[in-house]
Amino acid sequence: MSRPPRLNAVAYISAAQSPILVRTFVPNKQDDLKYHYIAHTSLDVIEERVASTSKLGECYLGHLYSMEDLAVYGWIAPSKIKIVLALALTDAVIKDQDIVTLFKALHLAYHQALSNPFLRLNISPEVANDPAALVVAGDARWKSLTKRVDAIGKAVNEAP
Numbered sequence: 001m002s003r004p005p006r007l008n009a010v011a012y013i014s015a016a017q018s019p020i021l022v023r024t025f026v027p028n029k030q031d032d033l034k035y036h037y038i039a040h041t042s043l044d045v046i047e048e049r050v051a052s053t054s055k056l057g058e059c060y061l062g063h064l065y066s067m068e069d070l071a072v073y074g075w076i077a078p079s080k081i082k083i084v085l086a087l088a089l090t091d092a093v094i095k096d097q098d099i100v101t102l103f104k105a106l107h108l109a110y111h112q113a114l115s116n117p118f119l120r121l122n123i124s125p126e127v128a129n130d131p132a133a134l135v136v137a138g139d140a141r142w143k144s145l146t147k148r149v150d151a152i153g154k155a156v157n158e159a160p
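Take the sequence shown: its letter number 37 is residue 37 in full-length UniProt numbering, and every next letter is one higher.
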């Protein structure tokens with residue numbers, strides 16, 4: 001596996017197009033708004049890709065677009081959860097397999113967090129069967145997802 005590029009941000013977006021988590025890995029926290037913008041603008045590209053693709057079951061959407069010093073990649077799960085990566089642009093060749101491996105780890109982290117039986121505590125019975133009720137951005141119930149994403153981000157950014 002070749003050296004993956006620097007991971008600047010990860011965004012999880014619900015099927016209802018609302019952000020579940022936007023996590024940045026840059027020292028300047030003033031850039032948080034920039035990564036929220038990237039997550040939202042990538043939704044249009046993801047919709048176009050999903051509408052035009054003929055491959056059923058293909059989660060990896062590939063390189064969505066480049067902006068300034070970032071390359072943005074997309075993934076859509078069968079449950080319609082979208083994961084967006086913002087990677088620092090480099091001169092090195094980025095292999096799709098490296099990006100797919102990263103997406104699979106992030107997708108697994110989401111499923112592990114969602115599988116937590118205590119995640120559904122304190123929600124009304126009307127919305128108990130609807131996972132959209134659980135996808136409030138910044139909700140404290142997503143602490144385990146945040147920890148897992150932080151661990152993945154640290155592993156990617158500290159890889160030799």
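The beta-carbon is built from N, C-alpha and C at its ideal position, and this holds for glycine as well.
| query | result |
| --- | --- |
| Since residue 147 is in the beta strand (DSSP E), which residue starts that stretch and which ends it? | From DSSP, residue 147 is part of no beta strand (DSSP E) but of the alpha helix (DSSP H) over 143-157. |
| So residue 109 packs on residue 85, CB below 8 Å; how close in whole Å? | Between residue 85 and residue 109 the Cβ distance is about 13 Å, and since that is not below 8 Å, they are no contact. |
| Considering only the alpha carbon of each residue, which of 34, 14 and 94 lies closest to residue 43? | 14 |
| Could you give the DSSP three-state label for residue 49: helix, strand or coil? | helix |
| Under 8 Å, do residue 6 and residue 150 count as touching if we go by C-beta distance? | no |
| With 16 other CB atoms within 10 Å as the buried threshold, where does residue 143 fall? | exposed |
| Compare the C-alpha of residue 92 against each of 45, 40, 117 and 71 and name the closest. | 71 |
| Could you compute how far the alpha carbon of residue 137 sits from the alpha carbon of residue 111? | Reliability fails at residue 137, whose pLDDT of 47 lies under 50, so the model's placement of it is uncertain and no value is given. |
| Determine, using beta carbons only, whether residue 74 and residue 82 come nearer to each other than 8 Å. | yes |
| In the DSSP assignment, what residue or residues form a beta bridge with residue 60? | 75 |
| Near residue 17, what residues of its chain come up, given a Cβ to Cβ distance below 8 Å and the 5 sequence neighbours on each side ignored? | 43 |
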